[in-house]
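**Student:** Before we start, here is the structure in question, set down as structure tokens.
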Amino acid sequence: MDYKDSLNLPKTGFKMKANLPVNEPKKLQFWNDINIYQKLIDKNKNGEKFIFHDGPPYANGDIHYGHILNKILKDFVIKYKNMSGYQTKIINGWDCHGLPIELQVDKKIKKKKREMTKQQLIEKYREYATTQVTNQKEQFQRLGVFSDWDITYKTMDFQYEAQIVREFGKIAAKGALYKGKKPVHWCSSCVTALAEAEIEHEEHTSFSIYVKFKLNYEFEGVEELKGKDIFMVIWTTTPWTIPANMGISLNPKFEYSVIELNNEYLIMASDLIESVKADAELENKHKVIHKFKGTLLDNETCDHPFIDRKSLIMNGDHVTLEAGTGCVHTAPGHGMDDYIIGNKYGLDVFNPVDNYGKYTDDFPEMKGIKISEGNKLLETKMHEMGVLLNKPGKRIRHAYPHCWRCGNPVIFRATKQWFIPMNGELKLIDRTLKEIKNVEWIPKWSEGRINGMIENRPDWCISRQRTWGIPIPVFYCENEECEQEVLDTEIINKVADSFEREGIAAWYNNEPSFYLGENYKCKKCGGTHFRKEKDILDVWFDSGVSYAAVMENMQSETEKIDLYLEGSDQHRGWFQSSLLTSMITRDHAPYKKVLTHGFVMAADGKKLSKKLKNYDPPKRFINTQGVEILRLWVAAEDYRNDTRFGQEIINRIKEAYRKFRNTMRYALSNLSDFNITKNEVKYDDMHPLDKWTMNKLNSFKKRVIEAYENYEFHMIYYYMNELCAADLSSFYFSIIKDTLYVEAPDSPRRRGIQTVLFNIADSMAKLLAPVMSFTAEEIYQSIPNLENKKESVFLEELPTFNTSIHDNELLDTMTNLRKIKEEVQKELEKMRKEKTIGQNLDARVEILLPKNINFDILLQKGPQFNEYLSEIALFLIVSDVKIVNTADSSFVNTEIEGLKIKVAKAEGEKCERCWTWHVDTNKDANFPNTCPRCASVMKEIS
RNA sequence: GGGCUUGUAGCUCAGUUGGUUAGAGCGCACGACUGAUAAUCGUGAGGUCGAAAGUUCAACUCUUUCCAGGCCCA
């Protein structure tokens, strides 16, 4: 007789194999068909608000793992909040203006660019950006991210472009703008400013000169130097910048020496004396007269070698010992370091060079002469004056920036730029630093980082000499004497209105009079002719006002956004630009909380590199392994640090996924004949082991909810693995198997277990839906006989901690019993090695218990008590158990003190139905080869 | 070079205010089962906590230095 058909074996349509690449798109279609996102919004329309704001990725290229990490994290948050009843949504956006797109397009149109109008170019850039947005949008959608993808924002939307201008107007109205000078890379052959990305470093032969600057300082108490001329020695490769020299920088930490050499007194860093002598070919011995710290001469002066001007001596950490003299020629108009330290000391950003690389009136002696000529002329001049320390004609080969277009060397040259002042009347830095304290920064160190950056940041240069961006809405009086700028909120708003209608092309479509009115007169000189500003705004300003352009449609100016969630690089970028603009115009931060994640690295911890091909591109990954794996990967990693991505890591994630999936599958497969409404067993009526599992599940809920609340998603992954593998699959499931299969379908013990399994499947589907959205939905849809099933798991509420299911004593006791089970297992393993037994049920066990542990908790009689098999045997999954009071030498000691165990092959015969060994097997003629329990069950169910 | 930050078993992570033989899951090795089966179960071997020095009765946990990464600047 084959008893197999009489068993309640698992049955489910929930497949073991997920086949994610094929099934995910179907799920996406399903969600789309039922309009799940809108339903979520509708469901919570009366819920508490949680306002989230998506930071716009740059609209260029395929998405990479950084995007994936970011978007999936946001999706976790949005889904969790939605399932918790919050009224929350996400409007995805893109950053569209800016250099990368401009360069991409320029590469395609090449020389045609010169013949094209600004409007035509803008149209091209806009087209390109649109294709990029479409491309990225598709890829984001594939991630299973919930959003209304028809409602997104782009910084190039006309409405958005207009709003940028309005925010600029507000800043202008606050007086938080000024025009100043700043050095930029400049190609005097193309007559244009260049961005960092347009510069190529190539070998170049430069001058190399050591120049003496006469010091105006008496070293007190140094007799030998009294009344002597002392010179600071600087080294430079650009003699043409000497006319713009405004100072000399010393490192405050270095030691400097006054040396006597060839009857001259020279100053340089002590550690560089020898190398300078060698490089400048200075022979003869020198004598160190005096040593001093770099700080000594701070704020003293030298005389410029050939211009009637003082050069200020300053202290700066940028001075190194790598080359030169340790005394650094500083020309704020021609170098970034120079500019920064010059700003600090209040130096003029002096630039006597025009757009074509020729000296201007500001260096009359060489007016109209090209700086390349100037190099030579100045070298000779200084040599003749005797301020050149080396012999003229010395040259050096080194890497030097060149223009990527024309290949000529570029220069650093101060040009007029627009700035937002960091100090000044608005005291922006002070106020921002205070406001930073009112924001919650996660992780904590994030606050220190933004704080440090704000504390030390220079004025924000918001102008760019480019085309693809928001024109700075300013006009200039064309009277050359006047040049007065028109910075008027009303007029700026007119510009904004025109952008709202036509986009930024309006700036080029319209004459100044269109905005100013025909009769507008210069407030300064009464002039009537004006020209438009040519510069555009820094794109960080674009995205920096997104809270205004995107969110204030839905909320008031005073309402803050609950959360920004971006990579840690945004401390310099979006977090900061948003904070600063909002502080000026609204006097508060735009956000309440800022959550930061790290970067995605390759398996070796180094950055992902397209060149090295040290990773699988996302598209291919998704098409072969599925998004769900990526979602679980995001959850598994502690995103607050850098995360790693590699095949071994992914393989581990897949294992975890399979474990989870199979665990859920097992639960589902034993529910085919279960209906929670009809067959539920109340917690109080459950068997202790089932109660224990309910407790475990309950505490799992609690910890998972806490993890969501704290944005610690990797803890969810950790808890999930622990629960599935350790508590369910290998422990609870293996024990309940016997009851599930063997008992009569409707037996109370079995129904109790099914109640637990139902709770597992149901709770897990809901709790993990924000993370494993695809699989959670699949589980939910696969729960059999569920009345009032919602259309989607996402329309369910998250389960919460049930305070009445909280039995610490039970949990502790079970922990001890599991330890005993482990010891028994070890003994059984020995028998298995000896081939005495195969499966556990082939064995019987005798146990001498320690005084403090017993199995009483399993033996409480009640409706769940199993009459046929000892509860302990069931628990240990052996055929027979005997608890003894004394143990002879045949017992083995275990690692638990006082616990002694004896294992042996089970007595009697194996029941064909339940595989348990029993001395009374085959006693019932109606059901041959069955144990008494099975015979009885068979009688009941036939 | 500077600011911030990371470094616990092969992988991903736990590790409470410094306190007994440092944990989990996966992987690996070996084995069992064949009624979760391209599954499941068991046993076992793997870290001295990036390195060194210091504080302390006691440090993965505090301090300093160094090494190797990362983000942002320069």
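Using this note's numbering, the first residue of the first sequence is number 384, and each one after it goes up by one.
C-beta: ideal position from N, C-alpha, C; glycine also.
1. Within its chain, find whatever has a CB closer than 6 Å to the CB of ASP720; leave out the 5 residues flanking it on each side and keep chain order.
2. Hey, how far is the Cα of LYS990 from the Cα of TYR1040?
3. For the putative contact between TYR739 and LYS750, defined by C-beta atoms under 8 Å, what is the C-beta separation to the nearest angstrom?
4. Kindly list the residues whose CB is nearer than 7 Å to the CB of LEU948, restricted to its own chain and excluding five residues on each side of it in sequence; keep chain order.
5. What are the partner residues of ALA797, as DSSP defines its beta bridges?
6. Whose C-beta lies closer than 7 Å to the C-beta of LYS1173 among residues of the same chain, with five residues either side of it excluded?
7. Taking VAL1331 and ILE642 to be in contact with their CB atoms under 8 Å, please state how far apart those CB atoms are, rounded to whole angstroms.
8. Who does SER846 pair with in a DSSP beta bridge?
9. Can you tell me which residues form a DSSP beta bridge with THR1304?
10. Can you give me the C-alpha to C-alpha distance between TYR1005 and ILE1036, rounded to a whole angstrom?
11. Please name the residue, chosen from THR713, PHE802, LYS943, that lies closest to VAL822 on a Cα-to-Cα basis.
12. Hey, quick one: how far does the alpha helix (DSSP H) through GLN1164 stretch, first residue to last?
13. Within 10 angstroms of the Cβ of ALA555, are there 16 or more other Cβ atoms? Answer buried if so, exposed if not.
14. Assuming ILE696 is part of the beta strand (DSSP E), what are its boundary residues?
15. Can you tell me which of LEU411, TRP569, ASN1053, LEU526 puts its alpha carbon nearest to the alpha carbon of ILE446?
16. Given that a residue counts as buried once 16 or more other Cβ atoms are within 10 Å of its Cβ, and exposed if not, what is ARG1151?
17. Cβ atoms of ILE547 and ALA512: under 7 Å apart, would you say?
18. According to DSSP, is HIS1097 part of a helix, a strand, or is it coil?
19. Report the rounded CA-to-CA distance for ILE1255 versus ARG1296, giving the unit in angstroms.
20. Short of 8 Å in beta carbon distance, which residues of its chain neighbour TYR1124, apart from the five on each side in sequence? Order them along the chain.
21. Three or more C-beta pairs under 8 Å: does that hold for the stretch 394–406 against the stretch 471–482?
22. Please report the straight-line C-alpha distance between ASP945 and TYR1091, rounded to a whole angstrom.
23. Strictly by DSSP, which residues pair up with GLN470?
24. Determine the contact status of PHE1157 and CYS1107, defining contact as a CB-CB distance below 7 Å.
25. Determine the direct distance from the alpha carbon of PHE602 to that of ILE855, and round the result to whole angstroms.
26. Would you check if the distance between the CB atom of HIS450 and the CB atom of PRO440 is smaller than 7 Å?
27. If you measure between the beta carbons of VAL983 and GLU550, is that distance less than 7 Å?
28. So for MET651, helix, strand or coil by DSSP?
29. For the ligand SAH, is there a heavy atom less than 6 Å away from the beta-carbon of PHE1096?
30. Would you mind sorting GLY776 into buried or exposed? The rule is 16 or more other CB atoms within 10 Å of its CB.
31. Starting from TRP618, follow the beta strand (DSSP E) in both directions and report where the run begins and ends.
32. From ARG955, LYS994, ASP1225, pick the residue whose C-alpha is nearest to that of ARG840; which is it?
33. So, helix, strand or coil for GLY910, using DSSP?
34. Using the Cβ count rule (16 or more neighbours within 10 Å means buried), how would you classify PRO747?
35. The beta strand (DSSP E) with VAL977 in it runs from where to where?
36. Cβ atoms of ILE1284 and THR1277: under 7 Å apart, would you say?
**Tutor:** This is what the structure gives:
1. HIS701
2. Near 26 Å, if we compare the C-alpha coordinates of TYR1040 and LYS990.
3. About 12 Å; that fails the 8 Å criterion.
4. LEU456, LYS457, VAL460, LEU978
5. PRO566
6. GLU1179
7. Since the first residue of the chain shown is 384 and the last is 1325, residue 1331 is not available in this structure.
8. Assignment of beta-bridge partners to SER846 by DSSP yields LEU920.
9. Beta-bridge pairing links THR1304 to no other residue.
10. Here residue 1005 is Ile; the residue named in the question, Tyr, does not match the sequence. Between ILE1005 and ILE1036, the C-alpha separation is close to 14 Å.
11. The shortest C-alpha separation from VAL822 is found at LYS943.
12. Note, GLN1164: alpha helix (DSSP H), 1156–1165.
13. Around the Cβ of ALA555, a 10 Å sphere holds 16 or more other Cβ atoms; the residue is buried.
14. That run of the beta strand (DSSP E) goes 693–698.
15. Comparing Cα positions, the closest option is LEU526.
16. Note that residue 1151 is Leu in the sequence shown, not Arg. With 16 or more other Cβ atoms within 10 Å, it is buried.
17. Pairing ALA512 with ILE547 gives a Cβ-Cβ distance that is not under 7 Å.
18. helix
19. 20 Å
20. LEU390, ASN391, LEU392, CYS1297
21. no
22. One C-alpha to the other measures close to 15 Å.
23. In the DSSP secondary-structure assignment, GLN470 is bridged to LYS432.
24. no
25. Rounded to the nearest angstrom, the two C-alpha atoms are 52 Å apart.
26. yes
27. no
28. strand
29. Among the ligands in the structure shown, none appear at all, so the ligand SAH cannot be discussed.
30. exposed
31. 613–619
32. ARG955
33. coil
34. exposed
35. 974–980
36. yes
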